[in-house]
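Below: the structure, in structure tokens.
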Amino acid sequence: MARLTDKLLVAVYVALAALPVISMVTRIDGRPMAGVLDPTPRPRAPNLHRFVTEKYQHKLVAWFEASLGMKGTSMALDNGLLYQAFGETKPYAPVRAGTDGVLFSDDDINHLNKRGPYLPNLFHVHDLASRMAVVQRQLAAQHRAFVPVLVPSKTSIWRDKVPAAWLMPLTDPPESDLRGYLAMKQALDARGVQYVDARAMFAKHRREDVFGPLGRHWTAYGACLTMNEVVTTYARLTGTPRLPYDCRLVYARGDVANGTDYDLLRLMNAIGVSPQTDQVPTAMHDTPPPGPRPHVLFVGTSFCWELTHDAHASKLFGSLSLNFYNQTFITYLDPVHQPVKPYTHTWRRFTMGKDLYVLDLFESYLGAPGAYVPFFLEELRSELAGESRKPDPEPPAP
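Each residue of the sequence shown is one higher than the last, beginning at 15 in this note's numbering.
Structure below.
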């Protein structure tokens with residue numbers, strides 16, 4: 015009987031070991047994975063040099079491992095066991111497990127720990143503030159508005175839930191605050207730039223309502239509060255009556271599979287991990303009265319998505335477009351995207367003539383090399399100033 019049990023166990027182990035290859039060959043997918051993996055194409059047939067130097071073998075192994083079946087299922091089992099047994103995620107994973115079930119993006123943890131050359135220098139910060147002051151004045155002279163928004167990283171809202179083991183010795187305030195958020199506030203204030211400080215505003219609200227514990231981004235209610243401040247700033251800059259923007263906090267059943275309130279939870283790719291509640295904060299709007307509907311361009315990161323959603327829900331605006339990282343133009347509810355090519359007909363159609371420009375200044379990315387902010391500001395400034403730029407030979411939009 016013991017020998018039969020041993021044979022059955024061996025058969026089970028062999029079947030489990032072979033399952034990924036069988037799934038790969040039969041193309042039977044397991045549990046889908048959240049997030050994005052870099053494509054790993056199958057290497058072309060080797061020549062003698064690539065074979066002798068083992069370049070071909072390394073690429074073949076990488077392709078084979080990337081193509082194994084049941085990858086999502088095996089990863090979710092592994093991650094789920096690690097999280098439930100030890101309350102941790104894998105080293106170098108994009109999601110970090112904080113205390114009391116709060117999840118963080120590794121980008122935000124890294125930002126909090128940045129020092130020296132990894133943070134924006136003061137010249138960069140003051141240069142950006144000067145550019146924003148020029149653009150804001152140019153547009154205000156035309157009764158239009160440019161509104162920068164200081165977007166907080168999650169570690170700025172939930173800092174007490176960041177485990178001490180992840181932190182380098184920090185000053186108070188941390189250097190990342192001194193050289194980023196606080197330096198930018200000071201530079202904007204010194205130039206008289208009107209802006210929205212979402213980080214300071216969120217401090218006046220229950221943080222679960224504005225920046226959920228399981229999400230990478232602010233909540234729908236947090237986005238509504240931010241747009242509410244944007245609307246107030248728009249009225250001041252343009253000298254027009256304030257739009258009747260309202261944000262009524264309500265709790266609704268969240269979408270664990272797709273909702274932004276759970277995007278870090280999904281990115282963990284862990285089986286057996288679920289939210290403590292499926293109720294998420296959102297915002298309700300009253301039906302607006304008749305009146306002008308300003309056209310809006312949002313510029314920045316994925317934080318702009320919730321701003322756009324809420325602006326659409328308010329029914330107070332005309333067209334809503336997004337310049338995503340100064341790389342892609344997106345019109346709300348239009349599946350067709352356009353690349354950003356400055357000074358072309360398409361660029362001018364998306365960029366110029368808007369009533370309101372909202373610039374997302376996400377604090378974790380303020381000092382990132384090649385960031386979108388200075389490029390967009392210079393392109394918009396030069397176009398508003400009428401400086402000569404030769405567009406690409408692109409026909410005007412019909």
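We put the beta carbon where it would ideally sit given N, CA and C, even for glycine.
Query - Reference residue 319; option with closest CA among 111, 236 and 385 - result: Of 111, 236 and 385, the residue nearest in Cα terms is 236.
**Report entry** Cα-Cα separation, residue 30 to residue 284
**Finding:** Low confidence applies here, because residue 30 scores a pLDDT of 45, under 50, leaving its location unreliable; read the following figure in that light. Rounded to whole angstroms, residue 30 to residue 284 spans 19 angstroms at the Cα level.
Query - Cβ-Cβ distance between residue 169 and residue 163 below 8 angstroms - result: The Cβ atoms of residue 169 and residue 163 do not sit closer than 8 angstroms to each other.
Query - Member of 116, 157 and 310 whose CA lies at the smallest distance from the CA of residue 222 - result: The residue with the shortest Cα to Cα distance from residue 222 is 116.
Query raised in the report: CB-CB under 8 angstroms to residue 205, same chain, minus the five flanking residues each way: which ones, in chain order?
Result: Once the five neighbours on either side are set aside, the close Cβ partners of residue 205 are 143, 144, 146 and 147.
Query raised in the report: What residues in its chain sit with their C-beta under 6 angstroms from that of residue 182, if we drop five residues either side in the sequence?
Result: Scanning its chain for C-beta atoms nearer than 6 angstroms, with the 5 sequence neighbours on each side dropped, one finds around residue 182 the residues 127, in chain order.
Report task. Determine the contact status of residue 275 and residue 286, defining contact as a CB-CB distance below 8 angstroms. Result -> Contact: no.
Query - Unbroken alpha helix (DSSP H) run spanning residue 7, endpoints - result: For residue 7 there is no data in the structure shown, the boundaries of the chain being 15 and 412.
Query raised in the report: Counting Cβ pairs closer than 8 angstroms, one from the segment 322-339 and one from the segment 286-299, do we hit at least three?
Result: The answer is yes - the segment 286-299 touches the segment 322-339, with three or more Cβ pairs under 8 angstroms.
Query raised in the report: Does the distance from the CB of residue 213 to the CB of residue 166 come in under 8 angstroms?
Result: Contact: yes.
**Report entry** Proximal residues to residue 338 (C-beta, below 7 angstroms), its chain only, five neighbours per side dropped
**Finding:** Within the same chain, Cβ atoms closer than 7 angstroms to the Cβ of residue 338 are found at 344, the five residues on either side in sequence being excluded.
Query raised in the report: With distances taken between CB atoms, is the gap from residue 282 to residue 161 smaller than 8 angstroms?
Result: No, they are not a contact pair.
Query - Nearest-angstrom Cα separation, counted from residue 224 out to residue 385 - result: In this structure, the straight-line span from the alpha carbon of residue 385 to that of residue 224 is close to 26 angstroms.
Query raised in the report: If you draw a straight line from the C-alpha of residue 186 to the C-alpha of residue 192, how long is it?
Result: For residue 186 and residue 192, the distance between alpha carbons rounds to 9 angstroms.
Requested in this report: May I ask you to list the residues that DSSP assigns as paired with residue 262?
Outcome: DSSP links residue 262 through a beta bridge to 298.
Report task. Scan the segment 300-349 and note each continuous alpha helix (DSSP H) run of 4 residues or more that stays entirely inside, going in chain order. Result -> Runs found: 317-328.
Query raised in the report: residue 135: buried (16+ other C-beta within 10 angstroms of its C-beta) or exposed?
Result: That one is exposed.
**Report entry** Per-residue burial, residue 255 [other beta carbons within 10 Å of its own, 16 or more giving buried]
**Finding:** Burial call: exposed.
Report task. Drop a sphere of 10 angstroms on the beta-carbon of residue 231, count the other beta-carbons inside from all chains shown, and report buried for 16 or more, exposed for fewer. Result -> If you draw a 10 Å sphere on the C-beta of residue 231, you find 16 or more other C-beta atoms in it, and that means buried.
**Report entry** Residue from 98, 239 and 124 with nearest C-alpha to residue 260
**Finding:** Nearest of 98, 239 and 124 to residue 260, Cα basis: 239.
Report task. Determine the direct distance from the alpha carbon of residue 106 to that of residue 308, and round the result to whole angstroms. Result -> Looking at the two C-alpha atoms, the distance is approximately 44 angstroms.
Query - Cβ shell of residue 354 (< 7 angstroms), same chain only, five flanking positions each side left out - result: For residue 354, where only same-chain residues beyond five positions count, the Cβ hits under 7 angstroms are 337, 340, 341, 342, 343 and 361.
Requested in this report: Could you please give me the residues that DSSP links to residue 371 through a beta bridge?
Outcome: Bridge partners of residue 371: 160 and 311.
Query raised in the report: By Cβ distance below 6 angstroms, which residues in the same chain neighbour residue 152 in space, the five residues on each side in sequence not counted?
Result: Excluding positions up to five away in sequence, the list reads 398.
Query raised in the report: What separation, rounded to the nearest whole angstrom, lies between the Cα atoms of residue 291 and residue 58?
Result: Note on geometry: alpha-carbon atoms of residue 291 and residue 58 lie some 50 angstroms from one another.
Report task. Could you check what DSSP says for residue 111 in three-state terms: helix, strand or coil? Result -> DSSP places residue 111 in strand when its eight states are reduced to three.
Query raised in the report: Mapping DSSP to helix, strand and coil, what is residue 125?
Result: When DSSP states are grouped into helix, strand and coil, residue 125 belongs to the helix group.
Report task. Would you mind giving the Cβ-Cβ distance between residue 150 and residue 200, rounded to the nearest angstrom? I have them listed as a contact below 8 angstroms. Result -> About 17 angstroms separates the beta carbons of residue 150 and residue 200, which is beyond the 8 angstroms limit, so they are not a contact pair.
Report task. Leaving out five residues on either side along the sequence, give the residues of the same chain with a beta carbon under 6 angstroms from the beta carbon of residue 371. Result -> These residues qualify, in order along the chain: 160 and 311.
Query raised in the report: Run through DSSP, which three-state label would residue 32 get?
Result: For residue 32, the predicted model reports a pLDDT of 48, less than 50, meaning its position is unreliable; a value from the coordinates is still stated below. Look at residue 32 here: in three-state DSSP terms it is helix.
Query raised in the report: What is the rounded straight-line gap between the Cα of residue 266 and the Cα of residue 138?
Result: Approximately 42 angstroms, taken between the alpha carbons.
**Report entry** Rounded straight-line distance, which links the Cα of residue 102 to that of residue 202
**Finding:** Straight-line measurement puts the Cα of residue 102 at about 40 angstroms from the Cα of residue 202.
Query raised in the report: Between the beta-carbon of residue 427 and the beta-carbon of residue 279, is there less than 8 angstroms?
Result: Residue 427 lies beyond the residue range present for the chain, which begins at 15 and ends at 412; the question has no answer from this structure.
**Report entry** Test item: CB-CB of residue 377 and residue 194 under 8 angstroms
**Finding:** Closer than 8 angstroms, so yes.
Query - Continuous alpha helix (DSSP H) stretch holding residue 290: start and end - result: For residue 290, there is no enclosing alpha helix (DSSP H), as DSSP marks it with neither H nor E.
Query - Buried/exposed call for residue 233, threshold 16 Cβ in 10 Å - result: Counting Cβ neighbours within 10 Å, residue 233 comes out buried, since at least 16 surround it.
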